[in-house]
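Residue numbers for the sequence shown follow the working numbering, beginning at 692 and rising by one. By construction, the Cβ of each residue, glycine as well, lies at the ideal position given by its N, Cα and C atoms. Keep in mind that this is a model prediction, so the values were computed, not measured.
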Amino acid sequence: DHLNPAYGSGPDPRAESSHGSGYLSRETFIELLKFADAHHVEVIPEINFPGHARAAIHAMESRYERLMKEGKQEEAEYYRLIDPDDISVYNSAQNLNDNVICVCTEGPYRLFETVVDELLAMYEEAGVSLNVLHTGGDEVPHGVWEGSPLCQAYLKEHPEFGNFANLQAYYGQRLFEILEDKGLSMAGWEEIVMKKNEEGKWIANSDFVGRNMIPYVWNSILENLDLGNRLANAGFPVILCNVTNFYFDLAYTHHPAERGLYWGGFVNTRSSFDFIPFDVFKSTFTDKWGNPYDPKTDFKGMKRISVKAYKNVLGLQAELLSETLKGGAMAEYYYLPKLLGFAERAWSGQAPWGTIRDEQERVAAMAMDWNRFANIVGQRELARLDYLHGGFSYRLPPPGAKILEGKLHANIDFPGLIIRYTTDGSEPGTDSPVYSGPVEVSAKVMLRSFDTRGRGS
């Protein structure tokens, strides 16, 4: 009977015991836009409909009930987002059954346009242009709208949509028209340019090709590894957001003490660095559990991106979904140093080794380039992050170690970080011996890496 809190702000509304309020005020957002613009950053807001809309639905129901008590029925229904007689049964990825709006009533379109107008006003006040609006559109669960009398009647009047699932395409068309009238490009997760065929499978919606709709393609898991290729080949300008490479809220490794989710696998700095935008098969070696792929069988039938479609890859995007974040330090741990690997790939584009055909030669070239980059990160960039803007709480990788013939051998993901060790069972600290090469040991060894500030892994 309560809305889940945004974890980034914490569950307690009292300022002294939380990280934030759970929302941005109008004044704060305008200040944020000005700051971003001064630093050459474009802020693209996301207004996620028709799914992920639980907060909006409950807010508008509260508004509806208040105005009905005041006898203002027309005003009460103006922004209402649901069909009150809907008995649809569905379950979202977040285990919710009340987070999808009704697309067959006018309330959602009125609210969407009002919110867009308010956003435009804030951008104008900040002296910044809003060019692209991200409309979300992802994770609409199976079963929505099927029990809605309004949607049942709408489908009878418009049999061209075929089924309830494709009412989402109708909804996307309506949003596109609203944004087009305001001179805005429409972006969203890949579902905004897709529809379901007779077999219930997602396919590219040819009706939206050339319509200035930009899909952000996140789903790169299993049979969808080639989804970005398919949409680019279909003529859509895509942003590649592959969960298996660029989702920074996924844990770095499978260690039980490591923070982060793992539903899409594990993502570290090299996951982003290794990405080959125009041939993702060449940079995909294992599934999300670390099991090796056999390209001949596992990638059989998947679509490669055509050379003509290279121009349709607008760029890459990394994601830091914040529902598991508890404060700024935790956010920094999630995105650093992953962001450095991502920036290397997003800014410099496809690496020269991405076009090497021979697998052994290509993998060797990738490893050599990674060695170069890892040394730059460890010896220069992390030291800079220790003091820039007061210092960042980036993740320090723990050392790797073996004991061979009585000697301790240790290494680190980013050469340049200090490795310290103990042999008395205590946790290494800043006064513990520094590892500088193989050393004889005869007792239990514990190791940690340290930054220039004395923070330990």
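Hey, is Ile996 close to the ligand FAD, as in C-beta under 6 Å from one of its heavy atoms?
In the structure shown, the ligand FAD is absent, as is every other ligand, since no ligand is present at all.
Considering only their Cβ atoms, is the gap separating Gln1041 from Phe969 smaller than 7 Å?
What you label residue 969 is simply residue 278 of the sequence shown in a count that begins at 1. What you label residue 1041 is simply residue 350 of the sequence shown in a count that begins at 1. Contact flag set, yes.
Range of the contiguous alpha helix (DSSP H) that encloses Val908
Taking the first residue of the sequence shown as 1, we reach residue 908 at position 217. Element bounds for Val908: not the alpha helix (DSSP H) but the beta strand (DSSP E), Met904 to Val908.
For Gly1082, which residues of its own chain have a beta-carbon under 8 Å away from its beta-carbon, when the five flanking residues on both sides are left out?
Within the sequence shown, numbered from 1, the residue matching residue 1082 stands at position 391. Answer for Gly1082: Leu1076 and Arg1144, listed in chain order.
Using a 10 Å radius around the Cβ and a threshold of 16 neighbouring Cβ atoms, would you call Lys886 buried or exposed?
Position 195 of the sequence shown, counting from 1, holds the residue named residue 886. Classification of Lys886: buried, given that the 10 Å Cβ count is 16 or more.
Kindly give me the distance between the Cβ atoms of Gly742 and Glu830, rounded to whole angstroms, as I take these residues to be in contact under 8 Å.
Residue numbering aside, residue 742 sits at position 51 when the sequence shown is read from its first letter. Residue numbering aside, residue 830 sits at position 139 when the sequence shown is read from its first letter. At roughly 5 Å, the Cβ-Cβ gap stays under 8 Å, so Gly742 and Glu830 are in contact.
The beta strand (DSSP E) with Phe1141 in it runs from where to where?
Within the sequence shown, the letter at position 450 stands for residue 1141. Met1137 to Phe1141 is the extent of the beta strand (DSSP E) around Phe1141.
Span separating the alpha-carbon of Glu756 from that of Ala1022
In the sequence shown, residue 756 corresponds to position 65, counting from 1. In the sequence shown, residue 1022 corresponds to position 331, counting from 1. If I take the Cα positions, the gap works out to 38 Å.
Can you name the residues that DSSP bridges to Ala1101?
One-based indexing of the sequence shown puts residue 1101 at position 410. Ala1101 pairs with Ala1092.
Secondary structure of His1080, DSSP reduced to three states:
Working through the sequence shown from its first residue, we reach residue 1080 at position 389. It is helical.
Tell me the rounded alpha-carbon separation between Asp808 and Gly874.
The residue you call residue 808 lines up with position 117 of the sequence shown. The residue you call residue 874 lines up with position 183 of the sequence shown. Their backbone Cα atoms lie some 12 Å apart in a straight line.
Got a sec? Which residues, its chain only, sit under 8 Å from Glu1072 by beta carbon, not counting five neighbours each side?
Translated into the one-based positions of the sequence shown, residue 1072 becomes position 381. Cβ neighbours of Glu1072 beyond the five flanking positions: Pro1028 and Leu1031.
Who are the Cβ neighbours of Phe899 in its own chain at under 6 Å, not counting the five residues just before and after it?
Numbered from 1 along the sequence shown, position 208 holds the residue referred to as residue 899. Val884, listed in sequence order.
With 16 other Cβ atoms within 10 Å as the buried cut-off, status of Ile1048
Here the question's residue 1048 lines up with position 357 in the sequence shown. According to the sequence provided, residue 1048 is Arg. The question's Ile does not apply to it. The residue in question, Arg1048, is exposed, as its Cβ has fewer than 16 Cβ neighbours within 10 Å.
Which same chain residues end up closer than 7 Å to Leu821 when comparing Cβ atoms and leaving out the 5 residues on each side of it in sequence?
Stepping through the sequence shown from its first residue, residue 821 is reached at position 130. Around Leu821: Leu810, Leu811, Tyr814 and Leu875.
CB Arg1086 to CB Arg1111, shorter than 7 Å?
To locate residue 1086, count along the sequence shown from 1; it is residue 395. To locate residue 1111, count along the sequence shown from 1; it is residue 420. No, Cβ-Cβ distance for Arg1086 and Arg1111 is not below 7 Å.
How about Glu1131 and Lys1098: do their beta carbons lie closer than 7 Å?
For this step, residue 1131 is matched to residue 440 along the sequence shown. For this step, residue 1098 is matched to residue 407 along the sequence shown. Yes, they are a contact pair.
Could you work out which residue in Ser1133, Ile930 and Asp1104 is closest to Thr1113 when comparing CA atoms only?
Position 422 of the sequence shown holds residue 1113. Looking at the Cα atoms, Ser1133 is the closest of the given residues.
Counting only runs of 3+ residues fully inside the segment 967-1053, write out the beta strand (DSSP E) ranges in chain order.
Segments of the beta strand (DSSP E) lying fully in the segment 967-1053: 1004-1007.
By how many angstroms is the C-alpha of Phe1064 removed from the C-alpha of Val1004?
As a first step, residue 1004 must be located in the sequence shown, where it is residue number 313. As a first step, residue 1064 must be located in the sequence shown, where it is residue number 373. Roughly 25 Å between the two C-alpha positions.
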